[in-house]
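Just so you know, this note's numbering puts the end of the sequence shown at 470, numbered straight through with nothing missing. Backbone N, C-alpha and C fix where the C-beta goes; we use that ideal spot for every residue, glycine too. This report concerns only the one structure given below.
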Amino acid sequence: MLIDAAKGLEPQTRKLFEVCRLRKIPLFTFINKLDRPSREPLELIDEVEKEFNLATYPVNWPIGTGDQFKGVVDRGSKVVYLFERSVGGRTKAEVATYELDDPKVKELIPTHLYEQLMEELEILDAAAHPLDLEKIHNGTLTPIYFGSAMNNFGVELFLRSFIELSLRPGAFSSAEGIVPTTFPDFTGFVFKLQANMDPRHRDRIAFVRVCSGMFVKDMDVTNSRSGRTIQLSQPKKLFAKERQSIEEAFPGDIVGFSNPGAFAIGDTISSGKKINFPGIPTFAPELFAFLENKEPSRYKQFHKGITALQDEGAIQILWMTERDTRIPLLAAVGPLQFEVVQFRLQSEYGVATILRTVDMHTALWPVGAWETMKTATSRSGYTIATDKFEDPVLLFKTKWDLNKFREVNPDIELSKVDPRTVQASMDT
């Protein structure tokens, strides 16, 4: 979880936390931009604890903020890392290290900052939560780090600590039972798709986490969702723009495969018996806009582009059942998603678009889909759209409309999460 030291918790941060809490994902927090004007570190820590009801453990602590930011001290080792600015982060910031009790520290840090640092460290030692690996791993305590990513300061310290404190590859829950890393069959989970990583080849990469067994190049696996048998050829290890061919992989490894439509986010693949890991929840959007193609002659490219972006999870796309089905309704949790979609359609597919925002309160899934909707006693106050699975999604313009629907249809349960993924989680 990345927090801006000046802004504190933002709406997107709260949504991220909601996902982590639902999935019981360990949460590590990096408070960024300490070299700029910012709020008091103790105030930021307090906000995280109160807002999320989450214990915190500051792994390191800043020495000053803004123009007076001098570095951080590691609370465990009592080592001070002094900060020197680099221009635009183009080079790694120079870092000098000293023991906290080294007399040079007092010489290099202004007296008032040194006294403030010692006072705050004393407060943390007396009042802060202790480091507890079990609580980190079950998502009830978050380690907190401070730094300046733009200046490449504090990032390496964070990564080293992350490796030390993170969970090792472990067992996964599935609809068929617990799957340990020692399970003999290879199993993997598709958690991300990315189109056009190499614009020259218009490729689509599926990112797969190895959950059990051993992956071997060119092995055949079965996609549990589609039932298709797929040969996993040309496996790659990816880091930024770098690609490295690999021959084998083991639990915890991330492998990239060219994806000509064989995979979807949330798919489980296995070399033996059918296994189904829980999917990734799709949450109720809060912002809506129709996306119109400026050039009808480029409809093929337009449709290909929005389909690829939807498959990646970059945006949710709904189709209205009572209007032109060539115009998709984009559904997002933040306005940046709309900008990303328009930019990528233009840059990757050569399609110019017009965005027309729609005033909508919320979109919710009826549990039981179309069968459930047969029992609805009224068709007023809401609009029905369909999602990528062609399941119904109910759109409510106002909170009053939503409350009225619940009043006249008490037996219809509405979900903020796609029921398909909810069911996957319940089955485990």
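In this structure, the straight-line span from the alpha carbon of P185 to that of M239 is close to 32 Å. Ranking D77, N95 and T349 by CA distance to the CA of R63 puts N95 first.
In this structure, K259 lies near E289, with their beta-carbon atoms less than 8 Å apart. A direct Cα-Cα distance of roughly 13 Å separates K49 from I87. With 16 or more other Cβ atoms from the protein chains shown falling within 10 Å of its own Cβ, Y140 counts as buried.
Secondary structure at I205: helix, using DSSP grouped into helix, strand and coil. Fully enclosed alpha helix (DSSP H) runs of no fewer than 4 residues are not present anywhere in the stretch 218-297. Looking at A138, H154 and F438, the one whose alpha-carbon comes closest to that of P327 is F438.
T224 and T399 have their C-alpha atoms spaced approximately 50 Å apart. Note on P408: 16 or more other CB atoms within 10 angstroms of its CB, so buried under the neighbour-count rule. Excluding five sequence positions before and after V297, the CB atoms of its chain that fall closer than 6 Å to its own CB belong to V250, P277 and A291, given in chain order. Taking all protein chains shown into account, S313 has 16 or more neighbouring C-beta atoms within 10 Å of its C-beta and is therefore buried. Ranked by Cα distance from L142, the first of K446, L209, K120 and T440 is K120. Each residue's CA atom was taken as its position, placing S216 and P461 some 17 Å apart. E52 and D262 have their C-alpha atoms some 44 Å from each other. Taking every protein chain shown into account, the CB of R421 has fewer than 16 other CB atoms within 10 angstroms, so this residue is exposed. Note that the C-beta distance between L397 and Q384 is below 8 Å. The DSSP-derived three-state label of Y424 is coil.
Per DSSP, G376 has no beta-bridge partner at all.
P83 and L173 have their alpha carbons spaced roughly 18 Å apart. When DSSP reads this structure, E334 sits in a beta bridge with I396.
If you compare the alpha carbons of P68, F344, D77 and V101 with that of L209, the shortest gap goes to P68. With respect to I317, T229 sits close: the two C-beta atoms are nearer than 8 Å. Secondary structure note for F72: its beta strand (DSSP E) is the uninterrupted segment T71 to N74.
If you look at P145, you'll find it in the alpha helix (DSSP H) that goes P145 to L150. Going by beta carbons, K57 and G181 fall outside the 8 Å limit.
With distances taken between CA atoms, F195 lies nearest to A138 out of T395, G294, H403 and A138.
Close CB contacts of I322 within its chain, under the 8 Å cut and outside five residues either way in sequence, are with F233, I307, G308, G355 and T463 (chain order). Exclusion of the five residues before and after F72 leaves L44, Y187 and F200 as the residues of its chain whose Cβ lies within less than 6 Å of its Cβ.
Going by C-alpha positions, T428 is about 44 Å away from G189.
In terms of CA proximity to A373, D401 leads the group D401, A169 and T264. As the crow flies, the alpha-carbon of R246 is around 10 Å from that of A304.
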